[in-house]
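**Student:**
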Amino acid sequence: MTESPLRTVRVTRYVTPLREGGSLPAIVEADDGFLYVLKFRGAGQGVKALIAELIAGEIARTLGLRVPEIVFCELDPILSRTEPDEEIQDLLKFSAGLNLALHYLSGAITFDAVVNTVDARMASEIVWLDSLVMNVDRTARNTNMLIWHQELWLIDHGASLYFHHSWQNWEQQHQRPFPFIKDHVLLPSASELEAVNADFRTRLSSERIRAIVSLIPDDWLTGESPFTSPLEQRQAYIQFLEARLASSEFFVKEAQHARNALI
Numbered sequence: 087m088t089e090s091p092l093r094t095v096r097v098t099r100y101v102t103p104l105r106e107g108g109s110l111p112a113i114v115e116a117d118d119g120f121l122y123v124l125k126f127r128g129a130g131q132g133v134k135a136l137i138a139e140l141i142a143g144e145i146a147r148t149l150g151l152r153v154p155e156i157v158f159c160e161l162d163p164i165l166s167r168t169e170p171d172e173e174i175q176d177l178l179k180f181s182a183g184l185n186l187a188l189h190y191l192s193g194a195i196t197f198d199a200v201v202n203t204v205d206a207r208m209a210s211e212i213v214w215l216d217s218l219v220m221n222v223d224r225t226a227r228n229t230n231m232l233i234w235h236q237e238l239w240l241i242d243h244g245a246s247l248y249f250h251h252s253w254q255n256w257e258q259q260h261q262r263p264f265p266f267i268k269d270h271v272l273l274p275s276a277s278e279l280e281a282v283n284a285d286f287r288t289r290l291s292s293e294r295i296r297a298i299v300s301l302i303p304d305d306w307l308t309g310e311s312p313f314t315s316p317l318e319q320r321q322a323y324i325q326f327l328e329a330r331l332a333s334s335e336f337f338v339k340e341a342q343h344a345r346n347a348l349i
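Taking my numbering, the leading residue of the sequence shown gets 87, the next gets one more, and so forth.
(1) By alpha-carbon positions, which one of Ile141, Ala322, Ile302 and Phe180 ends up nearest to Trp253?
(2) Per DSSP, what are the beta-bridge partners of Thr196 in this structure?
(3) Report yes if the C-beta distance between Phe197 and Leu238 is below 9 Å; otherwise report no.
(4) Give the range of the beta strand (DSSP E) segment to which His251 is assigned.
(5) What whole-angstrom Cβ distance do Leu149 and Asn185 have, given they're in contact under 8 Å?
(6) May I have a chain-ordered list of the alpha helix (DSSP H) segments no shorter than 4 residues that lie completely inside the stretch 297-330?
(7) Hey, is the stretch 249-266 in contact with the stretch 188-203, meaning 3+ C-beta pairs nearer than 8 Å?
(8) With 16 as the cutoff for other CB atoms within 10 Å, does Arg262 come out buried or exposed?
(9) What does the Cβ neighbour count give for Glu89, buried or exposed, with the cut at 16 atoms within 10 Å?
(10) Leaving out five residues before and five after Met87 in sequence, what residues of the same chain have Cβ atoms less than 6 Å from its Cβ?
(11) Quick test of your reading: Asp187 and Lys125, contact by CB under 8 Å. State the CB separation rounded to the nearest angstrom.
(12) In terms of alpha-carbon separation, which member of Leu273, Val95, Val219 and Leu218 lies closest to Ile349?
(13) Taking 9 Å as the cut-off, decide whether the C-beta atoms of Arg224 and Ser277 are in contact.
(14) If you run the structure through DSSP and keep just helix, strand and coil, what is Ile156?
(15) Do Val219 and Ser246 come within 9 Å of each other at the CB atom, strictly closer than that value?
(16) Between Asp242, Gln319 and Thr98, which lies nearest to Pro154 when the distance is taken from Cα to Cα?
(17) Please list the terminal residues of the continuous alpha helix (DSSP H) segment that includes Glu115.
(18) Going by the beta-carbon positions, is the gap between Leu165 and Tyr100 smaller than 9 Å?
(19) Leaving out the 5 sequence neighbours to the left and right, which residues in its chain are closer than 7 Å to Phe264 when beta-carbon positions are compared?
(20) Just the Cα atoms here: how many angstroms apart are Ala129 and Asp171?
(21) Let's see if you can read the secondary structure: which residues bound the beta strand (DSSP E) around Ala129?
(22) Quick one: what's Ala187 bridged to in DSSP?
(23) Buried or exposed, going by whether 16 or more other CB atoms sit within 10 Å of the CB of Leu240?
(24) Note down the Cα distance separating Ala329 from Ile302, rounded to an integer number of angstroms.
(25) Between which two residues does the beta strand (DSSP E) harbouring Thr98 extend?
(26) Tell me the DSSP bridge mates of Leu218?
(27) What's the C-alpha gap between Glu115 and Gly183?
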C-alpha cells in the first residue's frame, strides 16, 4: 500500500452515542481538537461496514458530491474505563485500534424530502452513485443526507457493497440487478441519469478506483473471506467496481424503469 492521503487522528474523548440503528456510532473528540462521528470496527457489521463507508464515500467525493472528511481514527480501549454504560464499554474495548470517522457537521439537520428539494441533476448524481455501490440505505425512512449551511451532504454508506459480507458468487455481483433502487428517496427527481452516466464514467477512472481501494488498511482485510491475502481481496473490490462501472448502462436503465413506475 502507498502512503494514505487520509489523515489519522486519535480519540481523546468519547462525547455521546448516536443511537441510530444497531451500530451505535458516536460523537468523539480527537487530538486535532475536532469532533467526529466515529464508526466502530467492533460494531455489528464489523470492518466490512467501514470498508463500504470508505470506498463509497471517497467515490462520492471523486464525483464532486459533498461528503464530510473521512479520517482513520485510533481508539485506545482505556477510554472504556470512564464509560458507565456496559454496552458502550464493550464496544470501545472491541474497537481498539484503527476505526473510521467522519467530520461532525455541527448544527446540520436531517434531509426531509417533504421539506427539502433537490434539483434533477443532483438527484440523478446521487441515484447513480448509490446504484454503482449498491447502497440500500437512502430511503425516505432513512435518507442518510444532511443539510448543512444550506448544502446537501451525504453520510452513512456502510450498507453499500452488501455482497462482501459473504462474497458469495462475487465475480457475478456487478451484473446483479439492484431492486432496492426503487426505494431511493431521490429517484422521482432523477430525470438526468443518462447525462450523469456519461459524465461520471469519465470522472471515475480505473486509476482512481484503485487509489481508493488501496486506502483500505491491511488489518481490515484479514477476516473471514475466500481470499488468501489482503492484496487478493483488494483486487476483488477493484474488479467489482471496474466491471460495474463498465456496465453502468445496465443499472442506469434499471433505475429509469423503477422511476417510470413511480411517476
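The C-beta atom is built at its ideal place from N, Cα and C for all residues, glycine as well. It should be emphasised that the depicted structure is a prediction, and the values quoted were computed from it without experimental measurement.
**Tutor:** Here's the rundown:
(1) Ala322
(2) Leu232
(3) yes
(4) Taken as a continuous stretch (DSSP letters only), His251 belongs to no beta strand (DSSP E), as it is neither H nor E.
(5) Going by Cβ atoms, the distance from Leu149 to Asn185 rounds to 25 Å, so no, they are not a contact pair.
(6) none
(7) no
(8) exposed
(9) Reliability of the predicted coordinates at Glu89 is poor, the pLDDT of 47 falling under 50, and the value obtained from them is presented with this limitation in mind. Classification of Glu89: exposed, given that the 10 Å Cβ count is below 16.
(10) With a pLDDT of only 38 at Met87, under 50, the local geometry of the prediction cannot be trusted, and no value is derived from it.
(11) Sequence inspection shows Ala at residue 187; the Asp mentioned does not correspond to that position. Rounded, the Cβ-Cβ distance is 7 Å, consistent with contact.
(12) Leu273
(13) no
(14) strand
(15) yes
(16) Asp242
(17) Per DSSP, Glu115 belongs to no alpha helix (DSSP H); it is in the beta strand (DSSP E), Ala112 to Ala116.
(18) yes
(19) Ser217, Met220, Phe337 and Glu340
(20) 15 Å
(21) Careful: Ala129 lies outside any beta strand (DSSP E) and carries neither H nor E.
(22) Leu124 and Val157
(23) buried
(24) 20 Å
(25) Thr94 to Pro103
(26) Partner(s): none; Leu218 has no beta bridge.
(27) 16 Å
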